[in-house]
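**Q** To convert, note that position 170 of the sequence shown is 170 in UniProt numbering; the numbers rise steadily by one, no gaps.
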Amino acid sequence: MSILPLARLTLAGLTQEKHVVLERLQTLGCLHLLPLSPAPKEAERAPPAHAVETRKALRYLGDLPDKRRQVRLAPDFDIASTTRTVLDNQQRLRELTDRLDGLRQRLSELEPWGDFRLPAEDALAGRKLWFYIVPERQIPALQSLDLPWQLVHRDQRHAWVVVIHPEEPPHDALPVARTHTGALSLSAIRRQAEETELALEEVQAERHALTRWIYLMSSHLAQAEDQARLKFAETQTLDDASVFLVQGWVAERDIPEVRALAENLGLALILDPPGPDDAPPTLLDNPPAIAAGQDLVGFYQMPAYRAWDPSRVLFFSFTLFFALILSDAGYASVLGLLLAAYWRRLGRSDLGQRMRLMALALTSTAFLWGVLLGSYFGLAPPADSLPGQLKLFEIQDFDSMMKLSVGIGVLHLVLANAEMAMIHRGRATGRVAVCWIAALIGGFALWLGSDRPSGHWLPILGQVLGIGGLVGVFLFGSDRRVEDIRSFALRVLDGLAQLIKVTQVFGDVLSYLRLFALGLASASLAITFNDLARQVAASHPGVGLLMALLILLVGHLLNLALSLMSGVVHGLRLNFIEFYNWALSGEGYPFKPFKKAELGE
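(1) Tell me the residue span of the alpha helix (DSSP H) that contains T27.
(2) Please state if the CB of S364 and the CB of F516 are separated by a distance shorter than 7 angstroms.
(3) For residue 602, which residues does DSSP report across the bridge?
(4) CB V246 to CB L11, shorter than 7 angstroms?
(5) Should D66 go down as buried or exposed, given a rule of 16 or more other Cβ atoms within 10 Å for buried?
(6) Going by the beta-carbon positions, is the gap between L560 and Y331 smaller than 7 angstroms?
(7) Just confirm the distance between the C-beta atoms of L326 and A289, as a whole number of angstroms; I'd bet it's less than 8 angstroms.
(8) Whole beta strand (DSSP E) runs in the stretch 214-286 with 3 or more residues, listed along the chain?
(9) Run through DSSP, which three-state label would Q150 get?
(10) Which of the three DSSP states is assigned to P590 in this structure?
(11) Rounded to the nearest angstrom, how far is the Cβ of L490 from that of R480, given a contact under 8 angstroms?
(12) Extract the residue ranges of the alpha helix (DSSP H) inside the stretch 370-402, only unbroken runs of 4 or more that lie entirely within it.
(13) Between W113 and P170, what straight-line distance do the alpha-carbon atoms span, to the nearest angstrom?
(14) A199 and L96 - do their beta-carbons sit closer together than 7 angstroms?
(15) Which runs of the alpha helix (DSSP H) at least 4 residues long sit entirely within the stretch 325-362? Give them in chain order.
(16) Roughly how many whole angstroms lie between the Cα atoms of L64 and A123?
(17) With a Cβ-Cβ cutoff of 7 angstroms, do L34 and P280 count as a contact?
(18) Smallest Cα separation from L415: which of C435, D397, S563?
(19) Would L110 and L186 qualify as a contact pair, given that the criterion is a beta-carbon distance under 7 angstroms?
(20) Just to confirm before moving on: does the CB-CB distance between L499 and V473 stay below 7 angstroms?
(21) Under 7 angstroms between the Cβ atoms of A523 and I551?
(22) To the nearest angstrom, report how far apart D115 and L147 are at their CA atoms.
(23) What does a CB cutoff of less than 7 angstroms around T237 pick up in its chain, not counting 5 residues either side in sequence?
(24) In chain order, what residues of the same chain lie with their CB nearer than 8 angstroms to the CB of Y305, ignoring the 5 residues before and after it?
(25) Could you have a look at R8 and say whether DSSP puts it in helix, strand or coil?
(26) Which residue spans inside the stretch 440-485 form an unbroken alpha helix (DSSP H) run of at least 4?
(27) What's the call for S317, buried or exposed, on a 16-neighbour Cβ count within 10 Å?
(28) Under 7 angstroms Cβ to Cβ from Q192, same chain only, skipping five residues before and after it: list those, please.
(29) Assign V161 to one of two classes, buried (16 or more other C-beta atoms within 10 Å of its C-beta) or exposed (fewer than that).
(30) In terms of DSSP beta bridges, what is Y132 paired with?
(31) Looking at L465: is its Cβ nearer than 7 angstroms to the Cβ of A421?
(32) What three-state label does DSSP hand L14 in the structure shown?
(33) Pick helix, strand or coil for L87, following the three-state DSSP scheme.
(34) Just to confirm, are G544 and V554 a CB contact at a threshold of 7 angstroms?
(35) Anyone know if the C-beta pair for G495 and G477 falls short of 7 angstroms?
(36) Can you tell me which of the three DSSP states H32 falls into?
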């Protein structure tokens with residue numbers, strides 16, 4: 001098991017030393033913080049847990065296609081002030097853009113009326129002008145209007161009408177709603193639009209100038225991330241007038257370092273083991289060679305703290321499933337060449353290093369399985385050659401390949417139940433897992449021995465294990481104590497509920513036949529493209545060779561892409577659906593250490 005045991009850590013210190021203590025804890029990087037302070041009523045005022053503003057500023061500058069030459073040396077560079085400058089530029093750009101859009105809309109509304117200025121309020125003896133654009137078909141309705149009005153312009157579709165009245169006419173006085181022209185003239189709005197455009201150009205020029213800081217902002221992003229995490233951590237403590245408390249989960253292997261820190265800073269320290277009602281985070285730890293299995297586990301479902309770590313099983317089973325689905329040494333060689341080309345680039349990050357080891361395992365296993373199948377881009381080597389002598393399996397042997405696929409499925413589910421039996425030993429869940437192991441092995445043995453003569457030991461063993469396992473599932477499928485008739489009936493129902501899963505077991509085992517089906521489909525497509533290219537080359541001398549090469553290139557690239565997609569999707573699906581269904585109960589959440597960004601995730 002590679003789920004590290006944790007302890008609940010509580011540190012107490014003087015309030016004036018809180019910032020220093022949290023900085024040292026962040027440098028130590030082994031504490032999963034627990035919030036001790038209530039969440040603020042206004043969540044938007046809480047500091048973010050990451051450098052959101054710096055990332056937003058980088059995205060804003062990165063959207064520009066033509067960037068300035070990057071500044072790489074600036075001893076007095078301040079990422080905080082630069083971030084504020086960039087975000088201020090973004091805000092001004094947004095405001096000016098909105099203002100210009102509004103002015104352009106006003107211009108489009110005012111242009112039909114022409115360039116005019118409204119008279120002063122006392123020029124019309126308290127009366128005001130109200131503007132309407134009336135469709136041509138509704139102009140006759142103006143004849144019944146009791147208010148004074150004037151037609152100022154007219155075309156084939158509309159009439160521009162001004163009503164003179166101290167108050168706005170009732171909404172049903174005219175057939176259309178009033179047009180809002182505003183107090184500014186058309187020429188005044190044009191001047192404002194021109195001024196806004198000039199200001200907008202200045203802001204855009206400033207934005208282009210700020211792109212020269214992208215490199216330094218990116219290189220200092222870890223510093224901004226550290227500061228954001230530190231500010232967020234300061235809101236997670238419980239503060240009193242003179243004392244503060246910080247609490248979190250820590251791995252038992254890191255307790256000595258935390259003790260040394262507490263002694264060095266004069267802090268009070270309390271360590272408590274997880275209680276039965278606690279739900280600690282899950283901290284996985286695997287050897288570097290197979291650490292990519294942790295990434296696969298976290299991609300779908302993190303196991304609970306008290307469960308087991310399926311990373312190793314996932315790593316090797318996914319590798320095997322991918323190889324069985326690809327089923328071609330030639331395709332594996334192509335993937336291996338691509339991996340070799342990007343090997344150094346993938347090694348620039350911790351995640352890339354783990355993924356390239358996973359890719360190496362996938363391509364190596366796929367190449368080995370392709371050699372054992374004797375398939376090289378759908379071509380079979382001569383029997384007397386070295387590759388031909390290494391061929392041990394035949395993809396077209398349906399009976400053997402089906403037995404191999406089902407056998408792998410049975411083994412996979414047996415491993416899942418074995419882990420469940422170990423985790424839940426002494427309980428009904430553990431006992432039922434052992435019984436399902438017997439039923440799985442018994443059913444597989446019975447199937448293998450179905451063509452054996454009567455009295456052969458294999459079908460007899462299968463019957464004993466299969467029937468015994470199912471009976472055990474029924475009898476041991478509950479922890480309920482039998483004390484009366486009612487509890488006895490409920491216990492029987494519990495056993496029946498467990499026994500109903502036999503259909504699920506059968507379906508899950510058969511689901512592994514997709515390994516053979518997809519591998520056969522990949523091999524068949526490769527053979528089909530080869531035959532098609534051969535026929536085209538033979539039927540069209542000269543140009544047929546070019547067409548055949550094109551068919552081979554496009555066909556095998558398409559088949560490789562389909563096989564690659566199938567290998568990833570279905571290889572993971574068998575782990576995440578069929579295997580997880582029998583291997584894990586409950587879901588956990590990942591251990592997230594409070595640490596500096598430079599340490600990596």
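Where a beta carbon is used, it is the ideal one built from N, C-alpha and C, also for glycine. Just so you know, these numbers come straight off a predicted model, no measurement behind them.
**A** Reading it off the structure:
(1) 18-28
(2) Going by C-beta atoms, F516 is not nearer than 7 angstroms to S364.
(3) With the chain represented from 1 up to 601, any question about residue 602 goes unanswered, as that position is not in the structure.
(4) yes
(5) Its Cβ having fewer than 16 others within 10 Å, D66 is exposed.
(6) yes
(7) Not quite, the Cβ-Cβ distance comes to about 22 angstroms (not below 8 angstroms), so this is no contact.
(8) 243-251, 268-272
(9) strand
(10) strand
(11) Indeed they touch by this definition, with Cβ atoms about 6 angstroms apart.
(12) Listed in chain order, the complete alpha helix (DSSP H) runs (minimum 4 residues) inside the stretch 370-402 are 386-390.
(13) 22 angstroms
(14) yes
(15) 329-341, 343-346
(16) Taking the straight line joining both Cα atoms gives about 53 angstroms.
(17) no
(18) C435
(19) yes
(20) Taking 7 angstroms as the cut-off, the Cβ atoms of L499 and V473 count as close.
(21) Against a cut-off of 7 angstroms, the Cβ pair of I551 and A523 comes out as no contact.
(22) Cα to Cα, the separation comes out at about 25 angstroms.
(23) K18, L36, S37, F244, L245, V246
(24) I3, L6, P274, A279, P280, P281, T282, G588
(25) Three-state DSSP puts R8 in a strand.
(26) Inside the stretch 440-485, DSSP marks whole alpha helix (DSSP H) runs of 4 or more residues at positions 457-475, from first to last along the chain.
(27) buried
(28) L103
(29) buried
(30) Answer by DSSP bridge pairing, in chain order: V161.
(31) no
(32) strand
(33) In the structure shown, L87 sits in a helix (DSSP, three-state: H, G or I).
(34) no
(35) Here G495 is near G477, since their CB atoms are less than 7 angstroms apart.
(36) Residue state for H32 is assigned as strand, using DSSP reduced to three classes.
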